[in-house]
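Enquirer: A single structure is presented below for examination.
There are 2 protein chains.
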Amino acid sequence: MRGGWLSVLKDAAAEVRRAIKPLIGSRESGEVVGLGAGGGFSKYIDIVAERAVVEYVDRSSIPCVLVSEESGVKRIGEGEPEVYLILDSVDGTTNAVRGINFISTSIAASPTDKFNDVEAAVVMRLDDGGVYTAEKGGGAKYNDADIQPSDVRVLNKAVISVELSRSPGNIDRVVPVLKEAKSVRSLGSGALEICHVASGQLDAYVDVRRMIRTTDIAAATLIIKEASGVILKPNGEPLDNVQLTRLERFSLIAAANTELFNQIASLLR
Amino acid sequence: MRGGWLSVLKDAAAEVRRAIKPLIGSRESGEVVGLGAGGGFSKYIDIVAERAVVEYVDRSSIPCVLVSEESGVKRIGEGEPEVYLILDSVDGTTNAVRGINFISTSIAASPTDKFNDVEAAVVMRLDDGGVYTAEKGGGAKYNDADIQPSDVRVLNKAVISVELSRSPGNIDRVVPVLKEAKSVRSLGSGALEICHVASGQLDAYVDVRRMIRTTDIAAATLIIKEASGVILKPNGEPLDNVQLTRLERFSLIAAANTELFNQIASLLR
Chain Z
7 MRGGWLSVLK
17 DAAAEVRRAI
27 KPLIGSRESG
37 EVVGLGAGGG
47 FSKYIDIVAE
57 RAVVEYVDRS
67 SIPCVLVSEE
77 SGVKRIGEGE
87 PEVYLILDSV
97 DGTTNAVRGI
107 NFISTSIAAS
117 PTDKFNDVEA
127 AVVMRLDDGG
137 VYTAEKGGGA
147 KYNDADIQPS
157 DVRVLNKAVI
167 SVELSRSPGN
177 IDRVVPVLKE
187 AKSVRSLGSG
197 ALEICHVASG
207 QLDAYVDVRR
217 MIRTTDIAAA
227 TLIIKEASGV
237 ILKPNGEPLD
247 NVQLTRLERF
257 SLIAAANTEL
267 FNQIASLLR
Chain B
7 MRGGWLSVLK
17 DAAAEVRRAI
27 KPLIGSRESG
37 EVVGLGAGGG
47 FSKYIDIVAE
57 RAVVEYVDRS
67 SIPCVLVSEE
77 SGVKRIGEGE
87 PEVYLILDSV
97 DGTTNAVRGI
107 NFISTSIAAS
117 PTDKFNDVEA
127 AVVMRLDDGG
137 VYTAEKGGGA
147 KYNDADIQPS
157 DVRVLNKAVI
167 SVELSRSPGN
177 IDRVVPVLKE
187 AKSVRSLGSG
197 ALEICHVASG
207 QLDAYVDVRR
217 MIRTTDIAAA
227 TLIIKEASGV
237 ILKPNGEPLD
247 NVQLTRLERF
257 SLIAAANTEL
267 FNQIASLLR
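These protein sequences, in sequence, are chains Z and B.
Basically my numbering = 1-based index in the first sequence + 6.
Basically my numbering = 1-based index in the second sequence + 6.
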């Protein structure tokens with residue numbers, strides 16, 4: 007795979023931002039217009055966002071395999087694919103539809119279909135265009151400045167974000183974590199929340215609903231790893247061997263450091 | 007009391023935004039520099055923000071009684087006070103210190119020290135300067151456009167925000183609400199979250215920690231009432247008789263409508 011994917015990913019994310027800007031908070035944005043390849047409902051805003059990426063890739067004549075929640079696995083362009091592009095075009099669809107200002111688009115590039123081989127990653131805020139980036143071995147950045155996690159190592163001093171939606175059966179599991187944390191947030195865009203851990207705005211992000219898809223976190227995972235943060239399944243297993251082209255679902259904890267990860271994991275019921 | 011307070015409040019909020027912009031997400035912003043009148047720690051960013059308002063009011067020669075978490079009740083200017091100004095200069099201090107992009111400043115104007123007499127209110131987003139406003143009897147607006155709550159009337163279709171920080175003893179009370187809601191958020195700036203209910207971005211906001219202060223919600227309460235939303239104590243009592251100059255603490259539920267309020271209140275343990 008040739009290098010330099012970061013600028014391609016950034017351009018693609020900027021296309022998404024431009025395409026969906028007029029839709030944020032509008033009634034039509036939330037209309038269900040089909041079933042995604044992952045089995046979820048596809049909303050109008052998701053479709054518009056994904057189309058922006060497909061058209062950009064097509065226009066740029068980049069033969070690739072696009073992996074996304076909406077389309078599944080799709081070859082684009084002529085000839086041998088140069089890259090796997092792993093896309094979550096709107097991360098935080100509910101926020102986007104309602105007009106809550108915390109939404110991102112997430113794109114990763116990999117030469118193979120293995121999670122651990124992702125080489126470049128972009129998570130862009132769709133409100134102000136601020137962009138988290140990483141290249142394998144090159145560290146992580148926000149708007150071109152190096153980022154790193156916080157040095158908070160105990161939960162009772164931590165600001166954490168916990169997913170609490172659409173999974174009543176899992177609320178009880180996280181209650182001890184909610185009680186022990188200093189401050190609890192739930193912001194509604196997992197990729198952006200993981201990036202907030204990477205850059206020290208949050209100390210941890212917890213989603214134990216077994217609902218995260220590969221497409222949601224391929225980019226954010228490289229970003230937090232390159233920032234020297236921790237991202238693991240709650241049992242401590244790494245995500246490395248997850249296949250990008252299988253729309254697997256799992257749970258994870260992202261944390262500023264191992265001490266905080268361990269404390270959160272041990273409190274889960 | 008003379009009318010036209012809205013432009014004064016907007017100008018004061020804009021001064022806060024200008025003053026704290028360079029501090030957001032910085033280490034110094036979170037340094038504890040004293041004890042507030044309400045008994046909480048005052049952080050550097052709170053002090054800078056409040057000073058911006060005091061200086062603006064002073065410069066504008068508006069004799070007033072300023073009521074705030076940091077200073078308590080304070081007379082400013084010469085002669086008979088024209089107005090009570092109820093100020094929460096940074097609502098979402100943790101977000102501001104950490105650089106999480108959901109922060110507001112909140113100012114209300116009242117001719118008396120009774121909550122129900124508040125005549126004008128401003129809640130300004132400190133990221134982009136977007137501003138929620140209301141004048142008694144004149145409806146509520148966001149950036150000069152009329153706002154109204156959503157028409158979601160059942161919790162299992164609702165996007166709600168629930169305060170979960172710093173109150174382990176109250177987590178269990180809200181667990182049934184968390185389980186029943188469609189989507190749960192916790193965004194970290196109560197005044198801004200109440201305004202999100204007023205304008206339909208959220209369907210309800212729940213804080214049963216008995217930690218909300220009059221100063222936090224004097225402005226947001228007028229805004230949601232003028233938008234025809236509901237804001238009550240969990241037992242259904244109105245906030246009307248709360249005294250602005252007493253730094254009382256209480257719980258509340260803001261909701262798009264009575265049906266949703268009732269459903270949430272009945273689920274609290």
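Idealized CB from N, CA, C, for every residue including glycine.
1. Of all Cβ atoms in chain Z, is any one closer than 7 Å to the Cβ of L170/B?
2. Kindly list the residues whose CB is nearer than 7 Å to the CB of L193/B, restricted to its own chain and excluding five residues on each side of it in sequence; keep chain order.
3. Thinking C-beta only, is I177/Z closer than 7 Å to V212/Z?
4. Given a threshold of 16 other Cβ atoms within 10 Å of its Cβ, counted over all protein chains shown, does D150/Z qualify as buried or as exposed?
5. Determine, for R276/Z, whether the minimum Cβ-Cβ distance to residues of chain B falls below 7 Å.
6. For the region 155–170 of chain Z, which residues have a beta carbon sitting closer than 7 Å to at least one beta carbon of chain B?
7. Could you check the C-alpha separation between E75/Z and E21/Z for me, to the nearest Å?
8. Quick one: measure Cβ to Cβ for S48/B and V39/B, integer angstroms, because I've assumed they're closer than 8 Å.
9. Can you give me the C-alpha to C-alpha distance between R65/Z and T139/B, rounded to a whole angstrom?
10. How long is the line joining the alpha carbons of A55/Z and R33/Z, rounded to whole angstroms?
11. Would I177/Z count as contacting chain B if we go by Cβ distances under 7 Å?
12. Work out the CA separation of R216/Z and E243/Z for me, nearest whole Å.
13. Hey, would you say S205/Z sits closer than 7 Å to S189/B, going by beta carbons?
14. Determine the chain Z residues that contact T100/B at a beta-carbon separation under 7 Å, and present them in chain order.
15. T111/B and A19/B - do their beta-carbons sit closer together than 7 Å?
16. So, is the C-beta of N104/Z closer than 7 Å to a C-beta in chain B?
17. Return the CA-CA distance between G135/B and D134/Z, expressed in angstroms with no decimal places.
18. Taking three-plus beta-carbon pairs below 8 Å as touching, is the region 141–149 of chain Z in contact with the region 227–234 of chain Z?
19. Please name the residue or residues paired with E88/Z in a DSSP beta bridge.
20. DSSP puts R191/Z in a beta bridge; with which residues?
21. What residues of chain B sit near Q207/Z, judged by a beta carbon separation below 8 Å?
22. For a quick check, are the C-beta atoms of V71/B and Y90/B less than 7 Å apart?
23. Look at the alpha carbon of G83/Z and the alpha carbon of P117/Z, and state the distance between them as a whole number of angstroms.
24. For a contact meaning CB atoms closer than 8 Å, what does G194/B contact in chain Z?
25. Can you confirm whether K185/B, when its beta carbon is compared against all beta carbons of chain Z, has any partner nearer than 7 Å?
Expert: Short version:
1. By the rule that beta-carbons nearer than 7 Å mark a contact, L170/B touches chain Z.
2. Close CB contacts of L193/B within its chain, under the 7 Å cut and outside five residues either way in sequence, are with F108, S167, E199 (chain order).
3. No, the pair does not count as a contact, with Cβ atoms beyond the cut-off.
4. So D150/Z ends up on the exposed side.
5. Only positions 7 to 275 of chain Z appear in the structure, and residue 276/Z is not among them; the question remains open.
6. Cβ contacts with chain B: V165, L170.
7. Taken atom to atom, the span from the alpha-carbon of E75/Z to that of E21/Z is near 18 Å.
8. The Cβ separation is near 6 Å, so the contact holds.
9. Distance between the alpha carbons of R65/Z and T139/B is about 45 Å.
10. Straight-line Cα distance between these residues: approximately 16 Å.
11. Residue contact with chain B for I177/Z: present (Cβ-Cβ distance below 7 Å to some residue of chain B).
12. One C-alpha to the other measures close to 14 Å.
13. Contact flag unset, no.
14. Taking the beta carbon of T100/B as reference, the chain Z residues within 7 Å of it are V165, S189, listed in sequence order.
15. Cβ atoms of A19/B and T111/B: closer than 7 Å.
16. The sequence given here has Arg at residue 104/Z, not Asn. Yes, R104/Z lies at the interface with chain B (some Cβ there is under 7 Å from its Cβ).
17. Between G135/B and D134/Z, the alpha-carbon positions lie close to 13 Å from each other.
18. Between the region 141–149 of chain Z and the region 227–234 of chain Z there are three or more C-beta pairs closer than 8 Å, enough to call the two in contact.
19. Under the DSSP definition of a beta bridge, E88/Z lacks any partner.
20. As a beta-bridge residue in DSSP terms, R191/Z pairs with S167/Z.
21. Ordered by position in chain B, the residues that pass the 8 Å Cβ test against Q207/Z are G31, R104, G105, I106.
22. Yes, the pair counts as a contact, with Cβ atoms nearer than the cut-off.
23. G83/Z and P117/Z: Cα-Cα distance of roughly 16 Å.
24. Result: S189, R191.
25. For K185/B, the answer is yes, since a Cβ of chain Z falls inside 7 Å of its Cβ.
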